[in-house]
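Counted the way mature numbering (1 follows the signal peptide of the UniProt record, and there is no 0) counts, the sequence shown spans residues -18 to -1, 1 to 159.
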Amino acid sequence: MIKRLLVFCGLLSCFAFTITTTQDRLQEKFDKAIKSTYEVKDYELESITASGNIEEKIPAKTAAKNLSRISVQGELIGYTYLGTAPSKKKKFEYVVLFDKDLKIKKSKVLIYREDYGLQIGSQRWLKQFIGMTPDSKIEYGENIAAISGATISASSMARAVNNVLKTVHILKQENQL
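1) Could you give the first and the last residue of the continuous beta strand (DSSP E) run that contains A67?
2) Looking only at its chain, what residues have a beta carbon closer than 6 Å to the beta carbon of L159, apart from the 5 residues adjacent to it on each side?
3) May I ask you to report which of helix, strand or coil DSSP gives Y25?
4) Since I93 is in the beta strand (DSSP E), which residue starts that stretch and which ends it?
5) Taking the alpha helix (DSSP H) that I134 falls in, what are its first and last residues?
6) By the three-class DSSP mapping on this structure, what secondary structure does S53 have?
7) Can you give the Cα-Cα distance for A136 and I129, rounded to whole angstroms?
8) Pick helix, strand or coil for K73, following the three-state DSSP scheme.
9) Going by beta-carbon coordinates alone, are A15 and L79 separated by less than 8 Å?
10) Using the Cα positions of T44 and T66, report the straight-line distance between them to the nearest angstrom.
11) Measuring CB atoms only, is the segment 37 to 51 touching the segment 136 to 152, in the sense that at least three cross pairs come out at less than 8 Å?
12) Taking a contact to mean a Cβ-Cβ separation below 8 Å, would you say K85 touches Y76 in this structure?
13) On the criterion of 16 or more Cβ atoms from any shown chain inside 10 Å, does K23 qualify as buried, or is it exposed?
14) Assign L79 to one of three DSSP states: helix, strand, or coil.
15) Please list, in chain order, all residues of the same chain as P116 whose beta carbon is under 8 Å from its beta carbon, the five residues on each side excluded.
16) Just verifying my parser: in three-state terms, what is the DSSP assignment at I102?
17) If you compare alpha carbons, which of I93, N125, L108, V143 is closest to S6?
18) Label T4 either buried or exposed according to how many other C-beta atoms from any shown protein chain fall within 10 Å of its C-beta, with 16 as the threshold for buried.
19) Helix, strand or coil: how does DSSP classify I129 here?
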């Protein structure tokens, strides 16, 4: 009985360490993406949360600090959306970085957990999103190239970015950005 309990506690502590490590790694990659995209050393994030009735209209949720303003010494330099999207069997984390006029500066897959479909993390593929605005409409296979061998993840990323753009469009119309 004691042996089983020790094994269980050992497994539990490994699981807790993995969660902490993954969250730390996500924060590290998120921070690096912001610093390199905006070429800054320090920045402040201000979370943006849609009001109740607007939250129901938007496809990319803003609870849990997903959407934020990025400022340097009180001056707005852009916006960021940190989200999670499904891949074939697991989920991946991504970030969409906007300039202060809400045009996409960069999109990046931060953590990808599948063995297949890693191509969606390549900047060659992700650069297709650069320059899109809240008025843009993303159509996977049309204005965003499909990826053979990564169909599910690539279409999921395209859908996720499209939802972020729709959300930003609605929030802009409602004067919440």
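Each residue gets a CB set at the ideal place from its N, CA and C atoms; glycine is no exception.
Looking at the coordinates:
1) 57 to 68
2) L153
3) coil
4) 86 to 93
5) 133 to 155
6) strand
7) 7 Å
8) strand
9) yes
10) 12 Å
11) yes
12) no
13) exposed
14) strand
15) L84, L147, K148, V150, H151, K154
16) helix
17) Note that residue 6 is Asp in the sequence shown, not Ser. Answer by Cα proximity: I93.
18) exposed
19) coil
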